[in-house]
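Asks:
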Amino acid sequence: MADGGNFEPTNRNLMEIMKSISNRLESVENKLKMVEVIEKRIGGMETDIKKLWVALDEIGGRSSEAG
Numbered sequence: 001m002a003d004g005g006n007f008e009p010t011n012r013n014l015m016e017i018m019k020s021i022s023n024r025l026e027s028v029e030n031k032l033k034m035v036e037v038i039e040k041r042i043g044g045m046e047t048d049i050k051k052l053w054v055a056l057d058e059i060g061g062r063s064s065e066a067g
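The sequence shown begins at 1 in the UniProt record's numbering and counts up one residue at a time.
1. Classify G5 as helix, strand or coil using the three-state DSSP reduction.
2. Three-state secondary structure (DSSP) at T10?
3. Can you give me the Cβ contacts of N11 inside the same chain, cut-off strictly under 6 Å, excluding the 5 residues immediately before and after it?
4. In whole angstroms, what separates the C-alpha of M15 from that of L25?
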């Protein structure tokens with residue numbers, strides 16, 4: 001610190017920091033991929049639920065007509 005306390009990181013320090021940032025970004029990307037998978041599954045479930053509601057409405061309509 002003979003230069004007044006100024007610290008300039010070495011190339012090695014910079015590479016370590018960049019690697020750390022890269023690892024964190026990878027982790028975020030993986031989590032986002034999982035969110036996309038979950039969104040697709042939920043979309044499929046919503047479609048199935050709508051089909052069930054239609055079927056239940058048809059059954060309910062038939063039973064009220066018969067009664």
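Even glycine gets a Cβ: it sits at the ideal position worked out from N, Cα and C.
Being a predicted model, the structure only gives us computed values, none of them experimental.
Replies: Concretely, from the data shown:
1. Correct three-state label for G5: coil.
2. In the structure shown, T10 sits in coil (DSSP, three-state: anything other than H, G, I, E or B).
3. Closer than 6 Å at the Cβ level, and outside the excluded window around N11, lies no residue.
4. Rounded to whole angstroms, M15 to L25 spans 15 Å at the Cα level.
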